[in-house]
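Our numbering applies: residue 1 is where the sequence shown begins, and numbers increase by one.
Heads up: the structure comes next, in C-alpha cells.
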Amino acid sequence: MSDKRSMIESLPPPLRLWAEKAAASIKGLSRSARIFAVTTALALVALGGFFALRTSSQPYAVLYSNLDRDDAAAVVAKLKEMKVPYRLEGDGAVIEVPEDQARELRLELAGGGLPRGGAVGFESFDKMRLGTTEFEQRILYRRALEGELARTIGTVAAVQTARVHLVLPEKSVFVSRNEPSSASVVLKLRGGRALGGGEVAGIVHLVSTSVAGLSPDRVAVVTTEGAVLHKPRRAGEDGVSDDDRASQARSLEATLEERARSMVEKVTGPGHVDVRVTVDIDSARVERVEDHYDPKQSALRSEERNVERSNDEVPVAGVPGAESNLPGGVTARGAAAADGGVAEAVSDATAGATRESHTRNFEVDRITEKRTVTGGVLRRLTVAVVIDGSPVPGGAPRSKEEIDKIAGLVRSAVGFDERRGDAVTVEAVPFLVALAPEAPAPAPMPVWLQPKKVAPFAGGVLALITLVGVAFAVRARNKRRKISTALALAAAKERASADAVAVEILAGGAEKPQTPDDLRRLVLERAASDPATAALVVRSWLGHREAVRDEAA
Numbered sequence: 001m002s003d004k005r006s007m008i009e010s011l012p013p014p015l016r017l018w019a020e021k022a023a024a025s026i027k028g029l030s031r032s033a034r035i036f037a038v039t040t041a042l043a044l045v046a047l048g049g050f051f052a053l054r055t056s057s058q059p060y061a062v063l064y065s066n067l068d069r070d071d072a073a074a075v076v077a078k079l080k081e082m083k084v085p086y087r088l089e090g091d092g093a094v095i096e097v098p099e100d101q102a103r104e105l106r107l108e109l110a111g112g113g114l115p116r117g118g119a120v121g122f123e124s125f126d127k128m129r130l131g132t133t134e135f136e137q138r139i140l141y142r143r144a145l146e147g148e149l150a151r152t153i154g155t156v157a158a159v160q161t162a163r164v165h166l167v168l169p170e171k172s173v174f175v176s177r178n179e180p181s182s183a184s185v186v187l188k189l190r191g192g193r194a195l196g197g198g199e200v201a202g203i204v205h206l207v208s209t210s211v212a213g214l215s216p217d218r219v220a221v222v223t224t225e226g227a228v229l230h231k232p233r234r235a236g237e238d239g240v241s242d243d244d245r246a247s248q249a250r251s252l253e254a255t256l257e258e259r260a261r262s263m264v265e266k267v268t269g270p271g272h273v274d275v276r277v278t279v280d281i282d283s284a285r286v287e288r289v290e291d292h293y294d295p296k297q298s299a300l301r302s303e304e305r306n307v308e309r310s311n312d313e314v315p316v317a318g319v320p321g322a323e324s325n326l327p328g329g330v331t332a333r334g335a336a337a338a339d340g341g342v343a344e345a346v347s348d349a350t351a352g353a354t355r356e357s358h359t360r361n362f363e364v365d366r367i368t369e370k371r372t373v374t375g376g377v378l379r380r381l382t383v384a385v386v387i388d389g390s391p392v393p394g395g396a397p398r399s400k401e402e403i404d405k406i407a408g409l410v411r412s413a414v415g416f417d418e419r420r421g422d423a424v425t426v427e428a429v430p431f432l433v434a435l436a437p438e439a440p441a442p443a444p445m446p447v448w449l450q451p452k453k454v455a456p457f458a459g460g461v462l463a464l465i466t467l468v469g470v471a472f473a474v475r476a477r478n479k480r481r482k483i484s485t486a487l488a489l490a491a492a493k494e495r496a497s498a499d500a501v502a503v504e505i506l507a508g509g510a511e512k513p514q515t516p517d518d519l520r521r522l523v524l525e526r527a528a529s530d531p532a533t534a535a536l537v538v539r540s541w542l543g544h545r546e547a548v549r550d551e552a553a
C-alpha cells in the first residue's frame, strides 16, 4: 500500500490528482465492478493500439478489381513469386498492394500479360509451338478473336464482362457451298445499368465488321439474365427480314386506320365509328427491263457507197495450163468445141463498163427502261368501317346517301385505287351500348370503426383498466406496509432477545439492572474487569444487526 502511495505521490500534480480520484473510485467499487472496469480499460487500450498500428502501417492501394478467379489466381501467384505483400478483398476479386508499389506492379504485370481479362487474345500466338497443325491454328485464331472482341466490348461503360462465341465455317472452293458466319454475345451488365438501342447497335456493328463474312443480321446479343437485346433476322430475297416486313404492314395499317377514323369521327362524332384496315404487301423484288421503239422516228446510222469501173483494154483470157502456150496448142474456142461447150466470144475491143452500189443503215428510235422494284409495294387494300346506325338514341337510321358520302371520304383518306382491287365497305348498324355495371353497395363499416358503438365499449375498457391499476397499486402498497411491519417486529424481537442475552451475560447470576443507567454502569464495569465478556456482548449485538440486515434484504 505504501508503494502505491509513494508511486502516486511521485506523479506530477495534475496526474496525481487524477490518480487519487481514480484510486478512490476503484476502492469504493465491489469486486465484480473492479473486474469489469479493469477489463474495459484493457479492451480500450488494445483497440487503441490496433488502430494506432493500422494507421501507422504502410497504406495499401487497389492493384486490380473485378477480377475473375483465373486472373486473380495468376496475379496472386505472380505477387508471391515477386515476394510482394498483398491483401485480398471482395471475395478475392480485389487485390491490394502497398501504395508506393502499385503503379510499378501494374506495369510489370502488364508486361507479363496479366491480367488476361478472362479471355485469351492474340497473345496466344506469341508462344506458338513448332508443329502446330492447321486445325489447331484455326481453333487458336477463333479463340483469340473471341477474346479480343470480349475485351473490347468489356470497355463499354454499362458492361461488366462479355463473352463472344463465333461460328466460322470453312471456306469451300464451291461458292454455293459456303455458309455464312454467325456470332453470339453474352453481356453481364453492371448493377442498375442498361444498354440503349444505340449501344446495342454499336456492339453488333463492332462484331460484324471484325469478322469476315459476318452480317449484322446474324449476330445475337443477350444478357446473363436472359434478356434478348438483338436477335438474328431471317431476310428474304429483297434483304428485308420477316419481322421488318410484318412491322411495316402493322405500321401502315395503323396509319390508315387513324386517318379514316379521324375523318369519319368529324361526321359521326367520337365513339360512333370503328375502322379496320388490312393491307397486302408484295415483298418480292422485281427487276424489269423494257425497250420502246418508235417507228416514226429514225436516224441515219451509216452509209456505204461502192463504184466499180472497167476501161477499154482487152481483158486477159485463154485456156489455163501450159498447153495453150505450146506450138499447135489448144485455143479457148478449140477447147470449148472439143468439150462440146459454147465458148463466149471475146472481142478484141470491149467497151468500158461502170458498176455502182449504195448502202444506207437507219437506226430506229429505241428507249430502254430498267426498273428495280424492291419489296414493300402495296398490292391490295381492304377497309371495313362500322358506324353507329342511329345518330341519336331512338332516332331515325342513317340514310344511304349519308353512308355513301362517308364511304367516299374513307376512299379518299386511305388512297383507294380500283386498279389494285381495293375494297372499302361501310356499314351502319346500331351500336350496342353496354350498361354500366351497378356500383356495388358499400361494405358496412366495421363495428370498431363506428364511434357511436365504440365509445361505450372503450369507456368501459378504460374504466376496467383504471380499476385494475388502482387495485394493483393498493395491493403493492399494502404488501410493502406488511413487509416493513414484519421487519420492524422481527428487529424488535431480535433486539429484545439480544438485550436479554447481554444482560444475563453481564449480570453473571447477579441481580439484573432495571434502568438504562444501571445497565450502562454494569457494561462499563464488565468492560474494565472482564474484557472477554464485554467482547461477547458486543459480538452478540453485531450478530443481531447482521441478521436484521439479511432479513431486510
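Cβ coordinates follow ideal geometry from the N, Cα and C atoms, glycine included.
So the candidates are T359, S310 and A284; which of them puts its Cα closest to the Cα of R379?
Ranked by Cα distance from R379, the options T359, S310 and A284 are led by A284.
Integer-rounded CB distance, given that Y60 should sit under 8 Å from V75
15 Å between Cβ atoms; not a contact.
Inter-stretch contact at 8 Å, needing at least 3 Cβ pairs: the segment 141-152 / the segment 198-218:
In short, these stretches touch, since the Cβ pair count reaches three.
Who are the near neighbours of A162 in its chain, counting only those whose CB is closer than 6 Å to its CB and skipping five residues on each side?
Excluding sequence positions up to five before and after A162, its CB lies within less than 6 Å of the CB of A150, I153, G154 and L187, all in the same chain and listed in chain order.
Using three-state DSSP, classify L300 as helix, strand or coil.
The DSSP-derived three-state label of L300 is strand.
Other residues of its chain near V273: CB distance less than 8 Å, five sequence neighbours each side excluded
Sequence-distant partners of V273 (beyond 5 residues in either direction) whose C-beta falls short of 8 Å from its own C-beta, in its chain, are R261, V264, E265, V385, V386, I387 and D388.
Counted within 10 angstroms of its Cβ, other Cβ atoms place E304 as buried (16 or more) or exposed:
E304 is exposed by the Cβ-count criterion.
Could you give the distance in angstroms between the alpha-carbon of E290 and the alpha-carbon of K296?
If I take the Cα positions, the gap works out to 19 Å.
Please report how far the alpha carbon of A428 lies from the alpha carbon of V275, in whole angstroms.
The straight-line gap from Cα to Cα measures roughly 12 Å.
Same chain, Cβ closer than 6 Å to D365, five either side skipped, listed in chain order
So the qualifying residues of the chain are D294 and Q297.
Outcome for D71 when other beta-carbon atoms lying within 10 angstroms are tallied against a minimum of 16:
Counting the other Cβ atoms within 10 Å of the Cβ of D71 gives 16 or more, which makes it buried.
Tell me which residue opens and which closes the beta strand (DSSP E) that D280 is part of.
Run containing D280: V273 to D282, per the beta strand (DSSP E) assignment.
Reference L109; option with closest CA among L130, M82 and L252:
Looking from the CA of L109, the closest CA among L130, M82 and L252 belongs to M82.
Using DSSP with H/G/I as helix, E/B as strand and the rest coil, what is F555?
Given a span of 1 to 553 for the chain in the structure shown, any question on residue 555 remains unanswerable.
Out of F416, D244, R371 and K171, state which residue places its alpha-carbon closest to the alpha-carbon of R259.
The shortest C-alpha separation from R259 is found at F416.
Check Y86 in the structure and name its three-state DSSP category.
Residue state, collapsed to three classes: coil.
When you compare only the Cα positions, how much space is there between S184 and D100?
Looking at the two C-alpha atoms, the distance is approximately 42 Å.
Consult DSSP for R193 and reduce its assignment to one of helix, strand or coil.
Secondary structure at R193: coil, using DSSP grouped into helix, strand and coil.
Alpha carbon of V200 to alpha carbon of H230, nearest angstrom
Approximately 7 Å between the Cα atoms of the pair.
What number of angstroms, rounded off, separates the C-alpha of T372 from the C-alpha of R419?
For T372 and R419, the distance between alpha carbons rounds to 21 Å.
Three-state secondary structure (DSSP) at E179?
Coil at E179, not helix or strand.
Cutting at 6 Å between CB atoms, please list the residues of its own chain near K597, excluding the five before and the five after it.
No answer is possible for residue 597: it lies beyond the span of the chain, which begins at 1 and ends at 553.
Take R309 and list the residues in its own chain whose beta-carbon comes closer than 6 Å to its own, dropping the five residues that flank it on each side.
Around R309: T354.
Quick one: using the 10 Å Cβ neighbour count with 16 as the cut-off for buried, is V342 buried or exposed?
Summary for V342: the model assigns pLDDT 43, below 50, so the residue's position carries little reliability; its value from the coordinates is reported in the next sentence. Result: exposed.
Rounded to the nearest angstrom, what separates A249 and G376 at their Cα positions?
It is roughly 9 Å from the alpha-carbon of A249 to the alpha-carbon of G376.
Looking only at its own chain, which residues have a Cβ that is under 8 Å from the Cβ of P180, when we skip the five neighbours before and after it?
Within the same chain, P180 has close Cβ partners P169, G213, L214, S215 and R218.
Helix, strand or coil: how does DSSP classify A423 here?
When DSSP states are grouped into helix, strand and coil, A423 belongs to the strand group.
Can you tell me whether DSSP reads L489 as helix, strand or coil?
The answer is helix: DSSP assigns L489 an H, G or I state.
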